[in-house]
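Notes follow the structure.
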Amino acid sequence: MKETNKINKIKKCRTCNSKSKKRIPLGEAVLKGIVNNETLGYFIGRVYLFLTCLGIDKERLRFRQHLANEMAHYAADCWDAEIECSLGWIECVDIADRSVHDLHAHTEKSSVALVAQEKFSETREVEKLVIAPVNKELGLAFKGSQKNVVEALEAMNEKEAMEMKVALESKAEVEFYVCTLGKNVCIKKNMLISKEKKIEHQRVFTPSVIEPSFGIGRIIYCLYEHSFYTRPSKAGDEQLNVFRFPPLVAPIKCTVFPLVQNQQYEEVAKVIFKLLKVAGISHKIDITGTSIGKLYARTDELGVPFAITVDSTSSVTIRERDSKDQIRVSVDEAASVIKAVTDGQTTWEDVWSSYRHHCSESADG
59 MKETNKINKI KKCRTCNSKS KKRIPLGEAV LKGIVNNETL GYFIGRVYLF LTCLGIDKER
119 LRFRQHLANE MAHYAADCWD AEIECSLGWI ECVDIADRSV HDLHAHTEKS SVALVAQEKF
179 SETREVEKLV IAPVNKELGL AFKGSQKNVV EALEAMNEKE AMEMKVALES KAEVEFYVCT
239 LGKNVCIKKN MLISKEKKIE HQRVFTPSVI EPSFGIGRII YCLYEHSFYT RPSKAGDEQL
299 NVFRFPPLVA PIKCTVFPLV QNQQYEEVAK VIFKLLKVAG ISHKIDITGT SIGKLYARTD
359 ELGVPFAITV DSTSSVTIRE RDSKDQIRVS VDEAASVIKA VTDGQTTWED VWSSYRHHCS
419 ESADG
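Counting from 59, one number per residue, gives the positions in the sequence shown under our numbering.
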């Protein structure tokens, strides 16, 4: 994620409701620990890219961290993507770092250790506090459950092992929870806990869960608002409505019109219609003979990004909705040009620089 991508954050505070806001780069928020970890930061970045790709105005998008009194009990950190619209700032996406809560809960109920293993390319010798079970004592104490207890002891991290060591130094035995048995067992002092060198072939850990939740209806509503604008007609006597949906998400990608009612032009329009259908491009065709200015205005109001106008039997023009710029391409190229732009393989700017421009003084409304 580029450093130019910013997030609005409300200062992390576990005990208060203060709303101290400032705008900082996402990478900086991760480095400073404001965002709990890199994985959570990655998902925040992906949500930002997704929403702006849809057409949400990046200047009206922010990420707000949950306050202490909002945070779910299971969440290590949680951020909302909020979008500004006529209703104010509304929450549209929730991105929660659920940590290991889910897998620990499933492990507890299923008695199956839900862990991941990372194999090392080379074995590593590390010095750490480890549990060295005395199998004879464990066998006498736990019999058929010995394996479960040994696995639980060996799965302890260094902090847990240190806590057990301290507890055993002050008393003869401690209660120890074995998730695969679903109960506490009694560990006695004759379990050896020592600091030693250990050869490791892999890392065993419980993965954390990041949960993004999208309010699709809210996002679409905000997209309508952010995409809508008006512009004067050529005569200046009325305001024309336009939706600036990006080509990638526009429901209808292009329209096809003959410039005038002409049998040859209509046949060419039908050929292009078939080519667009084969290419899988959603489109509309209009051969009613309505003036081209009114046809453009209608498609602009529907948010259709491109209009193909048939004005000869060998070539056609392609008009881009927002700039109203037009290029001229051959009939056979029209569908492939539209597909390349609407699929995100290229941009209109690249197409504009690659094809012959077409100027029309009277077409646009």
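In this text, a Cβ means the ideal position worked out from N, Cα and C, and glycines have one as well. The structure displayed is predicted, hence computed values, not measured ones.
Can you give me the start and stop residues for the alpha helix (DSSP H) that residue i sits inside?
i	result
Asn242	Where Asn242 is concerned, there is no enclosing alpha helix (DSSP H), although the beta strand (DSSP E) it sits in stretches over Lys241 to Lys246.
Glu407	Trp406 to Ser412
Lys90	Where Lys90 is concerned, there is no enclosing alpha helix (DSSP H), given that its DSSP letter is neither H nor E.
Val329	Gln321 to Val336
Cys111	Glu96 to Leu112
Using DSSP bridges, identify the partner residues of residue i.
i	result
Asn299	Thr288
Cys312	His341 and Phe364
Leu119	Ile141
Pro270	Ile153
Ile278	Bridge partners of Ile278: none, in fact.
Val262	Gln175
Lys256	Val184
Ser388	Ser373
In chain order, what residues of the same chain have a beta carbon less than 6 Å from the beta carbon of residue i, not counting five sequence neighbours either side?
i	result
Gly273	Cys150
Thr313	Lys342, Thr357, Val362 and Ala365
Cys74	Below a pLDDT of 50, predicted positions are generally treated as unreliable, and Cys74, at 43, falls in that range; no measurement from the model is reported.
His124	Cys136
Lys60	Here the model assigns Lys60 a pLDDT of 44, short of 50, so the residue's position is not dependable and the matter cannot be decided.
Pro305	Pro363, Val399 and Thr400
Lys229	none
Drop a sphere of 10 angstroms on the beta-carbon of residue i, count the other beta-carbons inside from all chains shown, and report buried for 16 or more, exposed for fewer.
i	result
Cys244	exposed
Phe303	buried
Lys90	exposed
Asp295	exposed
Phe121	buried
Tyr354	buried
Leu107	exposed
Tyr163	First, the residue type needs correcting, since residue 163 is Ala and not Tyr in the sequence shown. Exposed: under 16 other Cβ atoms inside 10 Å.
At what residues does the beta strand (DSSP E) containing residue i begin and finish?
i	result
Tyr235	Glu231 to Val236
Arg379	Run containing Arg379: none; DSSP gives neither H nor E here.
Quick one: residues in its chain with C-beta nearer than 7 Å to the C-beta of residue i, no 5 flanking neighbours on either side, listed in chain order?
i	result
His416	Thr375, Gln384, Ile385 and Arg386
Ile345	Pro316, Glu324 and Ala327
Ala174	Phe263 and Pro265
Tyr235	Asn242
Ala134	Asn94, Asp155 and Ser157
Does at least one heavy atom of the ligand ZN sit under 7 Å from the Cβ of residue i?
i	result
Lys229	No copy of the ligand ZN appears in this structure; indeed no ligand is present at all.
Looking only at its own chain, which residues have a Cβ that is under 8 Å from the Cβ of residue i, when we skip the five neighbours before and after it?
i	result
Ser169	Cys237, Thr238, Leu239 and Gly240
Ala337	Ala393, Ser394, Ile396 and Lys397
Arg276	Ile141, Ile148, Glu149 and Cys150
Unbroken stretches of the beta strand (DSSP E), 3 residues or longer, contained in the region 133-196: 135-143, 146-155 and 174-190
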